[in-house]
Amino acid sequence: ARLRPPLQSRAIIDLAAARKKHAEAVLEVRKQHPEMVARGGHEWLKLPGRGGLLAKVVTRDEFRADTTDFLFVQTPAAAGGNTKHGDSEAAAVQEAVERGPRICY
Numbered sequence: 003a004r005l006r007p008p009l010q011s012r013a014i015i016d017l018a019a020a021r022k023k024h025a026e027a028v029l030e031v032r033k034q035h036p037e038m039v040a041r042g043g044h045e046w047l048k049l050p051g052r053g054g055l056l057a058k059v060v061t062r063d064e065f066r067a068d069t070t071d072f073l074f075v076q077t078p079a080a081a082g083g084n085t086k087h088g089d090s091e092a093a094a095v096q097e098a099v100e101r102g103p104r105i106c107y
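Those letters in the sequence shown? Residues 3 to 107, per the working numbering, in order.
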């Protein structure tokens with residue numbers, strides 16, 4: 003018996019739509035719990051077992067601006083581009099996509 007759904011049913015086909023849906027859900031939670039949103043727009047995380055101690059969580063600028071429009075789009079760097087944080091990860095993802103699925107038994 004198969005324990006997980008096939009990979010294609012879990013794949014995101016429309017990334018922009020999925021990101022927008024995620025942003026809408028995050029903004030709804032922020033509206034429902036304004037006491038957990040700091041004055042600067044970051045969020046508070048109540049630490050369990052710490053007597054109500056709160057930790058500030060760094061929050062995406064889009065959520066702090068209360069918008070579903072992404073202000074910064076994360077994309078792979080162009081070939082020969084600079085090597086900012088994330089470029090090596092983006093290159094690895096691109097390489098894996100080009101190589102295709104690997105099935106390990």
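Quick reminder that beta carbons are idealized off the backbone N, C-alpha and C, glycines included.
- Here the C-alpha atom of glycine 54 lies approximately 6 Å from the C-alpha atom of lysine 48.
- DSSP lists no beta-bridge partner residue for leucine 17.
- With a beta-carbon spacing of about 15 Å, alanine 19 and glutamate 64 fall beyond the 8 Å limit used to define contacts.
- In the DSSP assignment, glutamate 64 falls within the unbroken alpha helix (DSSP H) covering 63-66.
- Per DSSP, the continuous beta strand (DSSP E) segment holding leucine 47 begins and ends at 45-48.
- Residue nearest to valine 31 within the set Asp68, Val60, Ile15, Glu100 is Asp68 (criterion: CA-CA distance).
- When DSSP reads this structure, leucine 56 sits in a beta bridge with Lys48.
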